[in-house]
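Chains as they are written, first to last, in our numbering: chain A, 976 to 1088; chain B, 488 to 601.
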């Protein structure tokens, strides 16, 4: 079974500062990993995905994530936070044999002016 | 673009009422899912379906049932709503055979049970 753990339920950053959201996964098979973003009163939107093609994955809105197998991690970063990045972020994992995603508890990002 | 439409954005129901949450996708996806979202718990899978008339239990199926009579439509049913089912419900779909299985989500249905 696959699972993910997101470290930190809330992250507060200043505008222009680095955003770092942590995600560790547990999987018995090579995983597919995802980061989704949810803006208030909306559904989830895909930020980026890891599918074993490259360990550094670039997504939308300037976000990127690095897959580190030795650390079972898939942390999300953005070099310079913007006010529009305020949202909730979810890490998710699926195995190679089905289509179900298992989600982390989410991290809420607040951006200070 | 893939469109997943949930029929009701906000619902208020009373304890014991039967509740239907409808979800329709327009991209001919075989796989459809119902998740429940609660603060601090993330998204938890209630039921999913790999094909018409097929359904499988997810992690928290108790108190829920589903119906998939047509490929594009996946309904979540609360036979007798209870206050602990107050939550945000998210429908999602994906195509079989892709190498990633990215889920496409609807905008959610926020249910309040009084």
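All residues carry an ideal CB built from backbone N, CA and C; glycine is no exception.
Does the beta carbon of residue i sit closer than 9 angstroms to a beta carbon anywhere in chain E?
i                       : result
residue 1016 of chain A : Among the chains of the structure shown, chain E does not appear; the protein chains present are A and B.
Against residue i, what residues of chain A qualify as contacts under a CB-to-CB distance less than 9 angstroms, listed in chain order?
i                      : result
residue 561 of chain B : Within chain A, no residue comes near residue 561 of chain B; the closest Cβ sits about 14 angstroms away, beyond 9 angstroms.
Chain B beta carbons: is any one of them nearer than 9 angstroms to that of residue i?
i                       : result
residue 1079 of chain A : yes
residue 1000 of chain A : no
residue 1069 of chain A : yes
When the Cα of residue i is compared with those of the options, which residue comes out closest?
i                       : options                       : result
residue 525 of chain B  : B/588, B/576, B/600           : B/576
residue 591 of chain B  : A/1000, A/1023, A/1082, A/987 : A/1023
residue 1017 of chain A : A/1063, A/1034, A/979, A/981  : A/1063
residue 956 of chain A  : A/976, A/979, A/1083          : Outside the shown range of chain A (976 to 1088) lies residue 956 of chain A, about which nothing can therefore be said.
residue 565 of chain B  : B/508, B/491, B/499           : B/508
residue 601 of chain B  : B/495, B/504, B/496, B/552    : B/504
residue 578 of chain B  : B/588, B/584, B/560           : B/560
Looking at chain A, is there any beta carbon in it that lies within less than 9 angstroms of the beta carbon of residue i?
i                      : result
residue 511 of chain B : no
residue 498 of chain B : no
residue 553 of chain B : no
Counting only Cβ pairs nearer than 7 angstroms, list the residues of chain A close to residue i.
i                      : result
residue 581 of chain B : 1074
residue 592 of chain B : 1018, 1019
residue 529 of chain B : 1065, 1078, 1079, 1080, 1081
residue 587 of chain B : 1007, 1024, 1026
Going along chain B, which residues have a C-beta under 8 angstroms from residue i?
i                      : result
residue 984 of chain A : 527
Name, please, each residue of chain A whose Cβ falls closer than 8 angstroms to the Cβ of residue i.
i                      : result
residue 577 of chain B : 1018, 1019
Residue i touches chain B at which residues, Cβ-Cβ below 9 angstroms?
i                      : result
residue 997 of chain A : Chain B residues near residue 997 of chain A: none, gap ~14 angstroms exceeds 9 angstroms.
Roughly how many whole angstroms lie between the Cα atoms of residue i and residue j?
i                       : j                      : result
residue 1070 of chain A : residue 977 of chain A : 7 angstroms
residue 540 of chain B  : residue 510 of chain B : 15 angstroms
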